[in-house]
Amino acid sequence: MNSGPLSLQDIERQAKSLIPHNVWDFIEGGSQDMITTHRNTQQYNDIKLRPRPFLQTDEKKLSTTILGHFISMPILLGASGGHTFVHPNGELDTAQAAKDMNTGLALSTSSDYSLQEVAEIGAHPRIFQLYHCGRALTELLVKQAEDSGYAAIMLTVDCPVPSPMEGDLRNQFHKYGGAALGNFKSTKIRRLLPPNTKIVDMWERPPNIPLAFTELEWLKGLTTLPLIVKGIRTAEDATLCMENGVDGLLVSNHGGRQIDTTLSSIETLPEISVAVQGKMELYIDSGIRSGSDILKALALGAKAVFIGRPLFWGLAIGGSMGVRKVLSILRTELDEAMGYSGISSIEHVDAAILSLPKHMKVPRNAAIRKIKDMALLLNQGKITNQVFQSNKAKLLRP
Ligand SMILES: Cc1cc2nc3c(=O)[nH]c(=O)nc-3n(C[C@H](O)[C@H](O)[C@H](O)COP(=O)(O)O)c2cc1C
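FYI, this note's numbering numbers position 47 of the sequence shown as 47, with every residue one higher than the one before it.
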């Protein structure tokens, strides 16, 4: 009998029993009433799969690329600060798990271990998540990321004001851990900080300065690395990013840890997918807890997904082995969901495998692609006109 964890829910339960309650609240917490946090997971459950058992899928291809870099599956570990709260090896073990599973990770500006220390583990592709820290500091961090072989810069834009995390306020939780803010410990960086700045103060008040769109050009000018913007939730902002030379977008609401009562991340993906029309790579995070969730995100236009809280659960139950377990469960579940849906390659997934709740629209480009495929089948006599017309009507339904 298999007594190990079988799902992310099993890992979550086990982790909860091991993590002190105030740290648990910090990790699990969303902002204010956590309406967005709960909606993130709920909406994945409200999207249903349409299984296609007749389609044969003996061989399945899960590998893909992100900005040209190979990953063995469309699942990466997301950027988050404070991994040593749950395991002393923190981001080093997170990176080890990514390396073992042949996938990538995003490293937070607020990581406990420095970007150079994490680079030494050798996971690839590594993406440096950037909080804008003022021009001089930002320039140095970006340069260090480039020198340490990071594959891209990921600018987080969704926290223009401090996050109202009521759980932390209630618990009087101070987010200071032993090795916290590894990226700010070097003398070179410290020289750029205001005099007498203590690391602990920076952790409590992260140096995240909102960046105007007009400054994206400046940021891009600092590096030859591609730029991903994290925290985009509307077609308007996606278009602005596209017009300003951004290379990829991470559709994210920070796991509901910033403004509350917004749409879930997966609900916003279709409008963004339509806005960018395949001209930029799209990724998504927030609320992904199973392989079916991942398949749904890919079907709505994401090229890959990032995992947030579950990596903390994995770290807590067994360091890099625990995170590896999280990733391998998701991989297995994705493989199974593809099998049921008749999908042989993640590159062929589109919205036709989904039954969406009424308020969510099929991205138009995916619908049109599907109609073209069906027209081909109709011409080849493989489906009847009646089937063609009724499916077409379904796909075009507003
Ligand atoms: C404890 C914690 C710390 C985080 N720190 C950061 C951070 O430093 N930078 C960032 O861009 N996002 C940060 N995030 C947000 C994640 O990158 C991601 O957007 C979110 O966790 C995804 O939602 P999920 O947890 O439901 O998977 C953090 C999330 C958590 C849970």
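The beta-carbon is built from N, C-alpha and C at its ideal position, and this holds for glycine as well.
Please report how far the alpha carbon of Ala367 lies from the alpha carbon of Ala352, in whole angstroms. Within the sequence shown, numbered from 1, the residue matching residue 367 stands at position 367. Within the sequence shown, numbered from 1, the residue matching residue 352 stands at position 352. Going from the Cα of Ala367 to the Cα of Ala352 covers about 7 Å.
With 16 as the cutoff for other CB atoms within 10 Å, does Ala302 come out buried or exposed? As a position in the sequence shown, residue 302 is number 302, starting the count at 1. With 16 or more Cβ atoms within 10 Å of its Cβ, Ala302 is classed as buried.
Would you check if the distance between the CB atom of Leu330 and the CB atom of Gly287 is smaller than 8 Å? Translated into the one-based positions of the sequence shown, residue 330 becomes position 330. Translated into the one-based positions of the sequence shown, residue 287 becomes position 287. Not closer than 8 Å, so no.
Just checking my contact of Ala106 with Ala123 at CB under 8 Å: how many whole Å lie between their CB atoms? Locating residue 106 in the sequence shown gives position 106, where the first residue counts as 1. Locating residue 123 in the sequence shown gives position 123, where the first residue counts as 1. Between Ala123 and Ala106 the Cβ distance is about 11 Å, and since that is not below 8 Å, they are no contact.
Restricting to Cα atoms, I'd like to know which of Thr197, Val86, Ala98 is closest to Met73. The residue you call residue 73 lines up with position 73 of the sequence shown. Checked all of Thr197, Val86, Ala98; the closest Cα to Met73 is Ala98.
Is any heavy atom in ligand 3 found nearer than 7 Å to the beta carbon of Phe312? Although ligand 3 was asked about, the structure shown includes only ligand 1 as ligands.
For Ala179, count neighbouring C-beta atoms within 10 Å of its own C-beta (all shown protein chains included) and say buried if the count is 16 or more, exposed if not. Sequence index remark: in the sequence shown, residue 179 carries index 179 (1-based). Unreliable placement is indicated for Ala179, whose pLDDT of 45 sits below 50; the coordinate value is still reported in the next sentence. Classification for Ala179: buried.
Checking the sheet assignment: what are the DSSP bridge partners for Gln129? The count along the sequence shown starts at 1 and reaches residue 129 at position 129. In the DSSP output, where bridge partners are listed per residue, Gln129 has Met154.
Whole-number beta carbon distance between Asn253 and Asn40, since they are thought to touch under 8 Å: Here residue 40 refers to the residue found at position 40 of the sequence shown. Here residue 253 refers to the residue found at position 253 of the sequence shown. Yes, Asn40 and Asn253 are in contact; Cβ-Cβ is about 7 Å, under 8 Å.
What's the C-alpha gap between Thr94 and Asn379? For the purposes of this step, residue 94 is taken as the residue at position 94 of the sequence shown. For the purposes of this step, residue 379 is taken as the residue at position 379 of the sequence shown. Taking the straight line joining both Cα atoms gives about 51 Å.
Proximity test, Ala79 beta-carbon vs ligand 1 heavy atom, cut-off 7 Å: Translated into positions along the sequence shown, residue 79 becomes position 79. Yes, the Cβ of Ala79 comes within 7 Å of a heavy atom of ligand 1.
Ile307: beta carbon under 7 Å from a heavy atom of ligand 1? By 1-based counting over the sequence shown, the position of residue 307 is 307. It does: the Cβ of Ile307 is within 7 Å (strictly closer) of some heavy atom of ligand 1.
In the structure shown, what three-state DSSP assignment does Gly178 receive? Locating residue 178 in the sequence shown gives position 178, counting from the first residue. A caution first: Gly178 carries a pLDDT of 48, below 50, which makes its placement in the model too unreliable to give a value.
Assign Val387 to buried or exposed, taking buried as 16 or more other Cβ atoms, counted over all protein chains shown, within 10 Å of its Cβ. For this step, residue 387 is matched to residue 387 along the sequence shown. Exposed, since its Cβ has fewer than 16 Cβ neighbours within 10 Å.
Pick from Glu59, Ile153, Met101: whose alpha carbon is nearest that of Leu76? Here residue 76 refers to the residue found at position 76 of the sequence shown. Selected option, being the one with the closest Cα: Met101.
Measuring CA to CA, which of Asp350, Leu211, Gln389, Leu315 is closest to Gly90? Here residue 90 is taken as the residue at index 90 of the sequence shown, counted from 1. When only C-alpha atoms are compared, the closest one is Leu315.
Can you tell me whether DSSP reads His69 as helix, strand or coil? Along the sequence shown, one-based indexing puts residue 69 at 69. It is a strand residue.
Tyr340 to Gln129 span [Cα, whole Å]: Taking the sequence shown and counting its residues from 1, one reaches residue 340 at position 340. Taking the sequence shown and counting its residues from 1, one reaches residue 129 at position 129. Going by the C-alpha atoms only, they are around 35 Å apart.
Assign Pro5 to one of two classes, buried (16 or more other C-beta atoms within 10 Å of its C-beta) or exposed (fewer than that). What you label residue 5 is simply residue 5 of the sequence shown in a count that begins at 1. Answer is buried; the Cβ neighbour count reaches 16.
Go to Ala106, then tell me how far its beta strand (DSSP E) extends in each direction, as first and last residue. Along the sequence shown, read from residue 1 onward, the residue named residue 106 stands at position 106. From DSSP, the beta strand (DSSP E) with Ala106 extends over 105 to 107.
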